[in-house]
Amino acid sequence: MDTHIVSSFDSSEFTHLTRTLSKSTVIGLDAEWKPVRSQRSTFPTVTLLQLACQIGDDSAGWDESVVFLLDLSSLPLPSIWGLIKDVLVSPDILKLGFKFKQDLIYLSSTFRAQGGNPGFDQVEPYMDITNIYKFLQHKQGKKISKDTKSLSAICEEILGLHLSKELQCSDWSHRPLTEEQIRYAAKDAHCLLGIFKIFQAKVIKEGPLCNHVNEQHQSNVSLGLKGILEMPDCENKLVGRKFCNALDIVQATASSEECERIARGVEVIRKTKPMDESLWKIVRKYGEKLFLRVSDRNPKASRRKGKRRSSVAVCEEKQLENYGDWQGPPPWDISLGGDGCPKFLCDVMVEGLAKHLRCVGVDAAVPHSRKPEPRELIDQAYKEKRVLLTRDAKLLRHQYLIKNQIYRVNNLLKNEQLLEVIEAFQLKISEDQLMSRCTKCNGRFIQKPLTVEEAIEAAKGFQKIPNCLFDKNLEFWQCMDCNQLYWEINASMTVMPNPSKCQGTQYHNAVQKFIDVCQLKE
0 MDTHIVSSFD SSEFTHLTRT LSKSTVIGLD AEWKPVRSQR STFPTVTLLQ
50 LACQIGDDSA GWDESVVFLL DLSSLPLPSI WGLIKDVLVS PDILKLGFKF
100 KQDLIYLSST FRAQGGNPGF DQVEPYMDIT NIYKFLQHKQ GKKISKDTKS
150 LSAICEEILG LHLSKELQCS DWSHRPLTEE QIRYAAKDAH CLLGIFKIFQ
200 AKVIKEGPLC NHVNEQHQSN VSLGLKGILE MPDCENKLVG RKFCNALDIV
250 QATASSEECE RIARGVEVIR KTKPMDESLW KIVRKYGEKL FLRVSDRNPK
300 ASRRKGKRRS SVAVCEEKQL ENYGDWQGPP PWDISLGGDG CPKFLCDVMV
350 EGLAKHLRCV GVDAAVPHSR KPEPRELIDQ AYKEKRVLLT RDAKLLRHQY
400 LIKNQIYRVN NLLKNEQLLE VIEAFQLKIS EDQLMSRCTK CNGRFIQKPL
450 TVEEAIEAAK GFQKIPNCLF DKNLEFWQCM DCNQLYWEIN ASMTVMPNPS
500 KCQGTQYHNA VQKFIDVCQL KE
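Numbering that gives the first Met the number 0 applies: residue 0 is where the sequence shown begins, and numbers increase by one.
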């Protein structure tokens, strides 16, 4: 994934952006802003706009796309308003989003507040990933749930990729952005292209569906423009459907480019590469028009505004704040019948912290299921004598069920979270503990190292060992729980994510990283 940060109007990255947009046919949209913790009379200010651009025709792989991160806190918004406006309404670019209407409202408000009048009021043609997911579920014969799945859940189910949402609520107004924030923002927009690619392949494979679109539009041409616009909207309540139908008529009666622009109802400078036929058929059939009403320009007043909060509610809030501070002995304390070894359970909001704790030798488990109920988390923590780590304030309401077994993590970044937990629970971390647990499953390593022959036998049908390791005098180690193999190269132990490359510094670099993070040399 090729990622570029655009923070200057006259930079090479901005030039690259404009050239890429002229060749893009599908773009994934997303936006980030600093979370607002209290009721406000204005919308949050968008500080980052992500554009994941698919270049070329259908044969281009989504993993070959380019992602641009537009730093709206640095760029002069009035100067780039026209460029963004053209992208959002260009008929030759399909825009993808995940519940993008809220992002569009905040984005429009941000541009209006900084001189980019009149903001943005529509995105077209547009497709929402939630609708694409429901289509794929229907084609697989699965029951479509009324509840909308998160983008993370959809991405894992469709693409088999895990999309961590830990940094969603981080401070996106702070500069410079961290490497973790950059990767998160790029992946959030990039995955939209991957999901659409699977949807597109499914539709193209079903040839009769595209033929049906052609037949339907040919019949619409004979109805006349007025007839199309007066058709009952029983089949599809999206404005984009009637829009595309009306456009077919105009295109059938006028071939000039100017007539097309008039028919589309927008002043668009055609700088982009036209869609190919298969993509255009998909847009005709499934494309939507996302638009904002006048009422969307102002924040909706809270119904609770003006009501006095009861003393009970105020007291409850103070109690929740206090629960974030660790109090009393942990469940593993010897005085409570524990074994003295720290044990944690990290919920989905701090799952990255679990791997960091494992890297410093601390027992850190994750929930048994991907979307556990609060009671499930509490039961697991109680039975395994673990402290539940979370950033979910709602879980703190269950504190009365397991005394001294829930801790709310305050920091957003994994390194800072690790230091916070070490300090809060006064954990003793030593250099010989580093990388002593399996980062994949939290298991311990078999104490006796394996020979090359034993490792090859253990890896059969499970894990591939690079051929370049066979002629080296190496020691292999195996996790006792998941059987993952690790090996040492030049006095460094590592598990290789890419069998084609034999790099021996991965383990050494990881150890040095946590020595620095935990300040073990001081």
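Idealized CB from N, CA, C, for every residue including glycine.
Helix, strand or coil for R35, going by three-state DSSP, please let me know. Counted from its first residue, the sequence shown places residue 35 at position 36. Residue 35 is actually Val in this sequence, not Arg. DSSP places V35 in the coil class of the three-state scheme, outside both helix and strand.
Can you give the Cα-Cα distance for F444 and W476, rounded to whole angstroms? Here the question's residue 444 lines up with position 445 in the sequence shown. Here the question's residue 476 lines up with position 477 in the sequence shown. Approximately 6 Å between the Cα atoms of the pair.
CB Q121 to CB L395, shorter than 9 Å? In the sequence shown, counting from the first residue as 1, residue 121 sits at position 122. In the sequence shown, counting from the first residue as 1, residue 395 sits at position 396. No. Outside cutoff.
Using C-beta distances below 6 Å, list every residue in its chain close to G550, excluding the 5 sequence neighbours before and after it, in chain order. An answer regarding residue 550 cannot be provided, because it is not within the stretch 0 to 521 covered by the chain.
Taking DSSP's pairing of strands, which residues face G27 in a bridge? Position 28 of the sequence shown holds residue 27. Looking at the DSSP output, G27 shares a beta bridge with A51, L95.
Rounded to the nearest angstrom, what separates K186 and I194 at their Cα positions? Position 187 of the sequence shown, counted from the first residue, corresponds to residue 186. Position 195 of the sequence shown, counted from the first residue, corresponds to residue 194. Spanning the two alpha carbons is a distance of roughly 12 Å.
Alpha carbon to alpha carbon, what distance is there between G351 and V510? Locating residue 510 in the sequence shown gives position 511, where the first residue counts as 1. Locating residue 351 in the sequence shown gives position 352, where the first residue counts as 1. Answer to the nearest angstrom: the Cα atoms are 17 Å apart.
Local conformation of V212 per DSSP, three classes: In the sequence shown, residue 212 corresponds to position 213, counting from 1. Only weak support exists for where V212 lies, its pLDDT of 44 falling under 50; the value from the coordinates is given anyway. If DSSP states are grouped into helix, strand and coil, V212 belongs with the helices.
Which parts of the stretch 372 to 439 are runs of the beta strand (DSSP E), unbroken and 3 residues or longer, counting only runs that do not cross its ends? At a cut-off of 3 residues, the continuous stretches assigned as beta strand (DSSP E) that sit fully inside the stretch 372 to 439 are 386 to 389, 405 to 407.
According to DSSP, is F134 helix, strand or coil? Mapped onto the sequence shown, residue 134 falls at position 135. The answer is helix: DSSP assigns F134 an H, G or I state.
Considering only C-alpha positions, which residue in the set T41, R369, C168, S78 is nearest to V412? Your numbering for residue 412 matches position 413 in the sequence shown. Contrary to the premise, residue 412 reads as Leu rather than Val in this sequence. Closest by alpha carbon: C168.
Taking all protein chains shown into account, do 16 or more other C-beta atoms lie within 10 angstroms of the C-beta of P465, making it buried, or fewer, making it exposed? Here residue 465 refers to the residue found at position 466 when the sequence shown is read from its first residue. Its Cβ having fewer than 16 others within 10 Å, P465 is exposed.
Roughly how many whole angstroms lie between the Cα atoms of E474 and A457? Translated into positions along the sequence shown, residue 474 becomes position 475. Translated into positions along the sequence shown, residue 457 becomes position 458. For E474 and A457, the distance between alpha carbons rounds to 13 Å.
Quick check on E287: buried or exposed, where buried means 16 or more other Cβ atoms within 10 Å of its Cβ? What you label residue 287 is simply residue 288 of the sequence shown in a count that begins at 1. With 16 or more other CB atoms across the displayed protein chains lying within 10 angstroms of its CB, E287 is buried.
For L71, which residues from the same chain have a beta carbon less than 7 Å from its beta carbon, with the 5 sequence-adjacent residues on both sides left out? Residue 71 sits at position 72 when you count from the first residue of the sequence shown. Closer than 7 Å at the Cβ level, and outside the excluded window around L71, lie V45, T46, L47, L48, T109.
Taking 9 Å as the threshold (C-beta atoms), are T2 and R283 in contact? As a first step, residue 283 must be located in the sequence shown, where it is residue number 284. As a first step, residue 2 must be located in the sequence shown, where it is residue number 3. No; because the gap between Cβ atoms is not below 9 Å, this pair is not in contact.
Just verifying my parser: in three-state terms, what is the DSSP assignment at C168? On the sequence shown, residue 168 is found 169 positions in, with the first residue counted as 1. In the three-state scheme derived from DSSP, where H, G and I count as helix and E and B as strand, C168 is classed as helix.
Check for me: the alpha helix (DSSP H) holding L87 runs from which residue to which? Numbered from 1 along the sequence shown, position 88 holds the residue referred to as residue 87. Segment 76 to 88, the alpha helix (DSSP H) holding L87.
Please classify T19: does DSSP put it in a helix, a strand, or coil? As a position in the sequence shown, residue 19 is number 20, starting the count at 1. T19 falls in the helix class under three-state DSSP.
Tell me which residues share the same chain as L166 and place their Cβ nearer than 7 Å to its Cβ, disregarding the 5 neighbours each side in the sequence. By 1-based counting over the sequence shown, the position of residue 166 is 167. So the list reads E179, Q180, Y183, L411, once near-sequence residues are dropped.
Below 8 Å on the Cβ atoms is my contact criterion, and I expect Q483 with Q462 to pass it. Report the Cβ-Cβ distance as a whole number of Å. Along the sequence shown, one-based indexing puts residue 483 at 484. Along the sequence shown, one-based indexing puts residue 462 at 463. About 7 Å separates the two Cβ atoms, so the contact holds.
Would you kindly check if the distance between the Cβ of E123 and the Cβ of P90 is under 9 Å? Taking the sequence shown and counting its residues from 1, one reaches residue 90 at position 91. Taking the sequence shown and counting its residues from 1, one reaches residue 123 at position 124. It is a contact, given that the beta carbons lie within the stated cut-off.
Taking C-beta to C-beta, are K22 and K272 nearer than 9 Å? Working through the sequence shown from its first residue, we reach residue 22 at position 23. Working through the sequence shown from its first residue, we reach residue 272 at position 273. Contact flag set, yes.
What's the call for L103, buried or exposed, on a 16-neighbour Cβ count within 10 Å? Counting from 1 along the sequence shown, the entry for residue 103 is found at position 104. The residue is buried, with at least 16 neighbouring Cβ atoms inside 10 Å.
Please classify Y132 as buried or exposed, where buried requires at least 16 other C-beta atoms within 10 Å of its C-beta. For the purposes of this step, residue 132 is identified with residue 133 of the sequence shown, where counting begins at 1. The residue in question, Y132, is buried, as its Cβ has 16 or more Cβ neighbours within 10 Å.
Under 6 Å Cβ to Cβ from A327, same chain only, skipping five residues before and after it: list those, please. For the purposes of this step, residue 327 is taken as the residue at position 328 of the sequence shown. In the sequence as presented, Ala is not what sits at residue 327; that position holds Gly. Only residues of its own chain outside the window of five on either side were considered, and among them N403 have a CB closer than 6 Å to the CB of G327, listed in chain order.
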